[in-house]
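Chemist: Going by numbering that gives the first Met the number 0, the sequence shown opens with residue 0, and the numbers climb by one from there.
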Amino acid sequence: MKVLVTYNIPRESFAKLGKEHTVTMPDGEYFTTEELIKLVPDHDVILGIFTRPIDNSVIEAGKKLKLISNFGVGYNNIDIKFARSKGIAVCNTPKAVCFPTAEMAMGLMLSAARRITECDRRIRVEKESMWGVMKNLGFTLEGRTLGIIGMGNIGKTVARLAEAFHMNVIYYNRRSTVEGYERVDLDTLLKRSDFVSIHTPLTDETRHMIGKREIELMKPTAILVNTARGAVINEKELATCLQNKTIAGAALDVFEDEPHVTEMLYGLDNVILAPHNATGTIDTRIATGQEAVDNILNFFNGTPTNVVN
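(1) Excluding sequence positions up to five away, which residues of its chain have a Cβ less than 7 Å from the Cβ of A104?
(2) Which residues in the same chain as F254 place their Cβ atom closer than 8 Å to its Cβ, once the five residues preceding and following it in sequence are excluded?
(3) Can you list, in chain order, the residues of its chain whose CB lies under 8 Å from that of E141, leaving out five sequence neighbours each side?
(4) Pick from V292, N305 and N297: whose alpha carbon is nearest that of K15?
(5) Can you name the residues that DSSP bridges to T23?
(6) Pop quiz: A111 and A250 are said to be a contact at Cβ under 8 Å. What is the actual Cβ separation, rounded to whole angstroms?
(7) By Cβ distance, which residues of its chain are closer than 7 Å to T176, with the 5 residues on each side in sequence left out?
(8) Nearest to Y170 by CA position, among R284, L160, D184 and E162, is which residue?
(9) Distance check for L272 and T309, CA to CA, integer angstroms please.
(10) Under a three-way DSSP split, which group does E181 fall into?
(11) Take G329 and list the residues in its own chain whose beta-carbon comes closer than 8 Å to its own, dropping the five residues that flank it on each side.
(12) Apart from the five residues on each side of it in sequence, which residues of its chain come closer than 7 Å, Cβ to Cβ, to T239?
(13) For H207, which residues from the same chain have a beta carbon less than 8 Å from its beta carbon, with the 5 sequence-adjacent residues on both sides left out?
(14) In the DSSP assignment, find the beta strand (DSSP E) that holds A250 and state where it starts and stops.
(15) According to DSSP, A88 sits in a beta bridge with which residue or residues?
(16) Can you tell me which of F98, P52, V89 and Y6 puts its alpha carbon nearest to the alpha carbon of N297?
(17) Fully enclosed by the segment 200-240, which beta strand (DSSP E) runs are 3 residues long or longer?
(18) Output needed for T220: all residues of its chain with C-beta closer than 6 Å, excluding positions within five of it in sequence on either side, in chain order.
(19) Where V306 and R159 are concerned, what is the direct C-alpha to C-alpha distance, given to the nearest angstrom?
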């Protein structure tokens with residue numbers, strides 16, 4: 000079996016592959032689309048990464064291709080219907096990324112509520128004038144209401160972590176009900192929440208599900224957190240709302256057109272910006288690669304796992 004890896008991920012991830020497996024990896028950071036088109040005809044599997052699109056031209060060129068094992072829980076970098084039409088299965092890696100993403104969401108909430116990154120920036124300039132008992136006041140998470148949009152594995156993990164901070168959790172899910180938490184419609188969640196944390200995949204239904212209308216439903220003291228996919232929020236409308244102080248703030252790990260960020264956001268003090276780094280630990284990178292490799296082995300052993308198409 001020949002595996003084409005599109006991105007230079009940790010070699011430790013491939014420990015389970017034997018001598019009967021050939022792994023092709025880039026010498027640099029990643030293979031370009033043009034390089035993939037040249038390489039893929041000779042490979043059975045692509046191991047792709049969530050930040051790099053696998054174009055339909057690459058899939059079309061994969062004459063022997065049977066599986067795309069995506070490194071990451073999100074798979075909007077792949078046209079999964081087109082892949083299926085070509086007889087190619089697509090897998091994702093939901094387990095390895097779950098806790099790190101939930102951990103990042105809580106970190107962003109804490110940083111926004113306690114003004115950690117803002118104070119870090121300002122103290123370097125304002126120095127001694129920063130001090131004062133009634134200056135730089137934020138608020139605690141205890142007793143606040145967290146509204147979770149998308150109560151899948153990551154959303155449920157965030158809910159459990161939030162309980163440790165004595166937060167009240169409500170959620171919006173389009174389909175399933177989760178025991179132990181109050182399910183509400185989206186507008187109700189936005190109106191009642193002190194924090195709104197997004198954990199839904201990017202689909203035609205969820206694209207721009209949060210825009211000016213939805214933000215205006217939120218409390219003026221509320222904070223919006225996104226560690227899912229950038230295009231779930233209308234980024235330009237959010238930037239305008241933040242500039243107008245429609246809500247207190249936002250904390251974003253993902254953006255509509257990465258690595259581009261709406262320019263207005265760079266100049267706002269009431270937004271925290273992170274470079275899609277929720278799963279950015281070496282442990283998580285290795286574990287995600289191992290899960291992607293497990294998906295490959297399971298698929299060819301006849302017990303496919305995490306197939307999304």
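All C-beta atoms in this analysis are idealised placements derived from N, C-alpha and C, irrespective of residue type, glycine included.
Modeler: Result, derived from the coordinates:
(1) V157, S196, V224 and T226
(2) G229, E234, V260, T261 and H275
(3) F164, H165 and M166
(4) V292
(5) L3
(6) 5 Å
(7) Cβ contact annotation for T176 (same chain, cutoff 7 Å, sequence separation greater than five): R182, in chain order.
(8) D184
(9) The requested residue 309 is not part of the displayed model; the chain covers only 0 to 308.
(10) strand
(11) No answer is possible for residue 329: it lies beyond the span of the chain, which begins at 0 and ends at 308.
(12) none
(13) So the list reads A230, V231, I232 and N233, once near-sequence residues are dropped.
(14) Where A250 is concerned, the enclosing beta strand (DSSP E) stretches over G248 to L251.
(15) L66
(16) V89
(17) Listed in chain order, they are 222-225.
(18) Around T220: A247.
(19) 27 Å
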